[in-house]
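2 protein chains.
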Amino acid sequence: MRRTLLTAFLVGTVLGFAGPAISQVADPLPSWNDGDTKQSIIEFVSKTTTQGSTDFVPIEKRIATFDNDGTLWSEQPAYFQLLFAVDRVHELAPQHPEWKEKEPFASLLKGDMKAALAGGEHAILEVVMATHAGNTTAEFKKIVTDWLATAKHPTTKRPYTEMVFQPMLELLAYLRANGFKTFIVSGGGIEFMRPWTEKVYGIPPEQVIGSSIKTEYEIRDGKPVLVRLPELDFFDDKEGKPIAINQYIGRRPIAAFGNSDGDLQMLQWTCTDQAVSFCLYVHHTDADREWAYDRKSSIGGLDKGLDEAGKNGWTVVDMKQDWKVIYPVANR
Amino acid sequence: MRRTLLTAFLVGTVLGFAGPAISQVADPLPSWNDGDTKQSIIEFVSKTTTQGSTDFVPIEKRIATFDNDGTLWSEQPAYFQLLFAVDRVHELAPQHPEWKEKEPFASLLKGDMKAALAGGEHAILEVVMATHAGNTTAEFKKIVTDWLATAKHPTTKRPYTEMVFQPMLELLAYLRANGFKTFIVSGGGIEFMRPWTEKVYGIPPEQVIGSSIKTEYEIRDGKPVLVRLPELDFFDDKEGKPIAINQYIGRRPIAAFGNSDGDLQMLQWTCTDQAVSFCLYVHHTDADREWAYDRKSSIGGLDKGLDEAGKNGWTVVDMKQDWKVIYPVANR
C-alpha cells in the first residue's frame, strides 16, 4: 500500500498533478462557510485552471489584484498607517517644539484625532510627509518594522499584523496554489507595506503596489542611498489603481478584490469587457467580530461600488454570514 | 537501463535536483568563450546558490536587473525605438500636413535624421510624444507588435527582435534556472518593450521597467480604457534606475548588467555596500560583427562607467573576445 501511494505521488508530481489532486480532497477555504460566495470563488478558479475548459487561462495571465486596507486587514477606527503616523508624531515631537502650536500636529499631540483631521486631505498629507519623509528607504523600512513589532491596536490590543483576515489569507494561498500571481494594489504607502507583506500575506515586495512619495538618489559617505522626499509621487486610489496596474504589471488582472469605492475602477478594469474575470467586494457587516460600515463611512466607504456589484453580478462577501472566523487564531 | 534512468529522473525531479544536475553536465553558456569573464559569472551563480556557502543568497533575494538597449539587443545606428518613431512619423504624416514645415518632423520626412536630432533632447521628446501618445494602451501594444512583425534594421536587414544578443539570452536563462528573477530596467519605453520581452527574453511584462508617459483612465462606450497622454511620467535612466528599481521591485538587486554610463547608478546601487553582488558591463568592441564604440559615442556612451568598472573590479565583457556569436542563428 505504501509503495502504491508513493508511486502515485511520484507520477502525480512529475506530471504536475499534485496541486489539483490535493485541492480536490482538502477544503482550500476552511474559514469560509459553504454557500454562494465560496462557491463562486471555487468555480472561477476551477474553470480558469482546468485544461480543456473553454474558460481556461494560461498561467502567465492569472493575475489577481487585492486592495489592502479593509480587504486584507482591518481599517477601523482609522487606517492603520494613520495610526502609525500619529505614533510617529509623538515620537518626533521633541525635535519639533513648533508642533505644539501648529495644526494638525497640536491636536494630534493632545490626542484629538477628530480636530486634527478637520483639515481634511491637506492635514493628512502634512502629517504623512512630516512622519514618512526625510529618511532613507532603508531607515524607513526599519522604522516600520520596529513599530509593527510593538504597536497594538487601540481597541483589540492585537498587533496590527494579526488583524489580517484569515479567510483572505486562505484565498491568497488558494489562488497561488492554482498558479495565480497575487498583487496588492493599495491606496496605502508602498514602503509602509513592503516590509511585512511577504511574511504576513506571502506577497513579495515586487508584487506590492501602493501610493508613493518621491525619492532621490544620493551618495553618502561613499554609499548609495535613496532619500525619501516630502513630495507626493503617486496616489494609488480610484482611477489611480488601473493606471498603476498598467504601469507596474502591464497586464489586466483577471481577478480583483476590494472593499470600497476606492477600488471600483480596479474592479471595472478587471471585470468590464473581459469575458473571463472575477470581481469581489468584502462587505463589512460584522459589528460584533469586526466593524459594520458601508455607504456612509468616511473610511472605506462602499456606496457606488455596492450598486455596481449588484448590477454586474460581482461577488459580495457578507463578513458576518460568509466567514467562520475573522482573524487568525493567535499563535503565541 | 531504461528503467534505471527513469528512476533517477523521477527521484531527481521529486527532490528538485534536475536543474543543478543538468547544469553541471551541460555548458549553460555555450556562446561564451572560456576565460575570466565567463568564469566570473559562473562563480557568482555557483556561490550564491550553493546551500552552505557563506555567500548563499535565499531564492527570494536573487534579483537581477538588465538594461535593454546595448545590453540585451543592439542600439546602433540609433535606438531601435527611435527608428520606430521615425517610421511612425512617415505613417502619420498624411494626417499632419503641418509637419512638412515643422521641425523636427520636416527633416525626418526628408530622411535627414541628423538635422532632425539637432534639436537635442527636446526634439526627440517631441517626436516621441507625437508618435507614442494619443492612443489607448491596447492600441499602442498593437502598433508596436505590428511594426516588429515587418520592420527590418537599416543595415543588417534583420527583424529587430533577431538583433538580441545570443550570449545574453543564455545568461538570462542560466540565471533563471538558478532561481534568479530577471528584470529589465531600461531608458526605453516601458510599453514599447512589454509586447515582446516575454517571447524574446522570457521576461514577463510585470518584470519590465522603463521610461513612461502618463495615462488617463476613461470609460469609452461603456468600456474602460487607458489613454496615453503626451506627457512624460518618468525617465528611467541614470539616477532614475535605482529610483525605479526601488519603486517597482522594492529590493536591491544582487546582480546588474548594463553597457553605458546611463547604467552606472544601477550598478553602483547593486555593487556598492553589498558584499555579495555582481556587476557587469557589456563593452561594444566588435566593429565587424556588431559595432565598436564607448567613451565618445552619443548613443550608449561608456566612459565613466568603464573607469568605475576597473576601480571596482566589475566584469567587463569584451564582445569581440568573449562572445562566440552575437545574434541568434536565424531560425526561419
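So the protein sequences, as listed, match chains A and B.
The working numbering numbers the first residue of the first sequence as 1313 and each following residue consecutively.
The working numbering numbers the first residue of the second sequence as 1313 and each following residue consecutively.
Just so it is clear, CB atoms sit at the ideal spot from N, CA and C, and this is done for glycine as well.
| query | Can you give the Cα-Cα distance for A:Arg-1540 and B:Val-1641, rounded to whole angstroms? | reply | 47 Å
| Using the beta-carbon count (16 or more within 10 Å), is B:Ser-1365 buried or exposed? | exposed
| query | Who are the Cβ neighbours of A:Asp-1598 in its own chain at under 8 Å, not counting the five residues just before and after it? | reply | Ala-1604, Met-1631, Lys-1632, Trp-1635, Ile-1638
| query | If the cut is a Cβ gap below 7 Å, which residues of chain A does B:Thr-1580 touch? | reply | Here residue 1580 of chain B is Gln; the residue named in the question, Thr, does not match the sequence. Per Cβ cutoff of 7 Å: Pro-1536.
| Three-way DSSP call (helix, strand, coil) for A:Trp-1508 in this model | helix
| query | Using the beta-carbon of each residue, which ones in chain A are nearer than 9 Å to B:Arg-1563? | reply | Arg-1506, Pro-1516, Pro-1517, Glu-1518
| query | Using a Cβ-Cβ cut-off of 8 Å (strictly less than) and excluding sequence neighbours within five positions of A:Leu-1618, which residues of its own chain qualify? | reply | Tyr-1593, His-1595, Asp-1606, Arg-1607, Val-1628
| Where does the unbroken alpha helix (DSSP H) through B:Lys-1634 begin, and where does it stop? | The sequence given here places Asp at residue 1634 of chain B; Lys does not occur at that position. Start and end: 1631-1634.
| request: Taking the CB atoms as reference points, tell me whether A:Leu-1576 and A:Lys-1623 lie closer together than 8 Å. | output: no
| field | Supposed close pair B:Ile-1521, B:Thr-1494 - CB separation, criterion 8 Å | value | Not confirmed; about 12 Å, so no contact.
| query | According to DSSP, what are the bridge partners of A:Trp-1581? | reply | Per DSSP, none; premise fails for A:Trp-1581.
| What residues in the stretch 1579-1605 of chain B bring their beta carbon closer than 7 Å to a beta carbon of chain A? | Gln-1580, Trp-1581, Thr-1584, Asp-1585
| message | B:Ala-1435 and B:Ala-1445 - do their beta-carbons sit closer together than 8 Å? | response | no
| Which bits of chain B does A:Glu-1543 rub up against, with CB to CB less than 7 Å? | Under the 7 Å cutoff, chain B gives no residues; its nearest Cβ is about 13 Å from A:Glu-1543.
| task | Indicate whether B:Lys-1453 and B:Pro-1507 have their beta-carbon atoms separated by less than 8 Å. | result | yes
| said: Less than 8 Å between the C-beta atoms of B:Val-1588 and B:Thr-1360, yes or no? | reply: yes
| request: For B:Thr-1362, decide whether its Cβ has a neighbour in chain A, counting only Cβ atoms nearer than 8 Å. | output: no
| said: Cβ closer than 8 Å: which chain B residues qualify as neighbours of A:Asn-1558? | reply: Thr-1449, Thr-1527, Leu-1538
| request: May I ask you to verify whether the stretch 1472-1490 of chain B touches the stretch 1517-1533 of chain B, counting CB pairs closer than 8 Å and requiring at least 3? | output: no
| query | Can B:Gly-1612 and B:Gly-1432 be called in contact, C-beta distance under 8 Å? | reply | no
| field | Distance CB(A:Lys-1535)-CB(B:Thr-1584) smaller than 8 Å | value | yes
| Name the chain A residues that come within less than 8 Å of B:Ser-1524, Cβ to Cβ? | Gln-1559
| request: Could you check which residue in B:Met-1441, B:Leu-1395, B:Ala-1568, B:Ser-1358 has the C-alpha nearest to that of B:Pro-1471? | output: B:Leu-1395
| request: On the DSSP bridge assignment, give the partners of A:Asp-1381 in chain order. | output: A:Trp-1385
| Can a CB atom of chain A be found closer than 8 Å to the CB of B:Ile-1555? | yes
| Within 8 Å (strictly less), CB to CB, does A:Gln-1393 reach chain B? | no
| message | List, in chain order, every chain A residue whose beta-carbon is nearer than 7 Å to that of B:Glu-1551. | response | Tyr-1529
| For A:Glu-1503, the three-state DSSP class (helix, strand or coil) | helix
| task | For A:Phe-1546, collect the residues of the same chain with a Cβ closer than 8 Å to its Cβ; drop the 5 residues on either side in sequence, then sort them by chain order. | result | Ser-1523, Ser-1524, Gly-1552, Ala-1556
| Which residues mark the beginning and the end of the alpha helix (DSSP H) in which B:Asp-1458 is found? | 1449-1462
| Which class does A:Trp-1411 belong to by DSSP, given the choice of helix, strand or coil? | helix
| task | Determine the extent of the alpha helix (DSSP H) in which A:Thr-1443 is found, giving its start and end residues. | result | 1432-1444
| task | Give a yes or no on whether 8 Å exceeds the smallest Cβ distance from B:Glu-1620 to chain A. | result | no
| field | Runs of beta strand (DSSP E) lying entirely within the stretch 1510-1568 of chain B, each at least 3 residues, in chain order | value | 1520-1532, 1535-1546
| Since B:Glu-1387 meets chain A, which of its residues come closer than 9 Å, beta carbon to beta carbon? | Residues of chain A passing the Cβ test: none, with the nearest at roughly 22 Å.
| query | What's the C-alpha gap between A:Ala-1430 and A:Ala-1442? | reply | 18 Å
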